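For reference, each letter of the sequence shown is one residue, going 11 to 72 in the working numbering.
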Amino acid sequence: MAHSIWLAFGLLLIVEGFGPFVAPDKWRQTVAQLAGQPNNQLRRIGGCLVVAGIIISYFYLR
């Protein structure tokens, strides 16, 4: 179980670090635009990401 958690954490770091590594200016603009969004919009985006993660995990573990 711990192995899977560390693997997931490592993959998360790869995905999160890819944007600033490849296109730092575009990444900075995107983050600035997200920071200007109202809370409800950010919650909606976060909820969609959580649901997508659950669906992907379900099909991977099935």
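For glycine and all other residues, C-beta sits at the position ideal for the given N, C-alpha and C.
Values in this document were obtained by computation on a predicted structure and should not be read as measured data.
Put simply, the backbone Cα of residue 44 is about 12 Å away from that of residue 50. In the structure shown, residue 51 falls within a helical segment according to DSSP collapsed to helix, strand and coil. Linking residue 29 to residue 37 through their CA atoms gives a straight-line distance of about 6 Å.
Taking C-beta separations shorter than 6 Å and ignoring five residues to either side along the sequence, residue 64 has no partners in its chain.
For residue 38, the enclosing alpha helix (DSSP H) starts and ends at 34 to 45.
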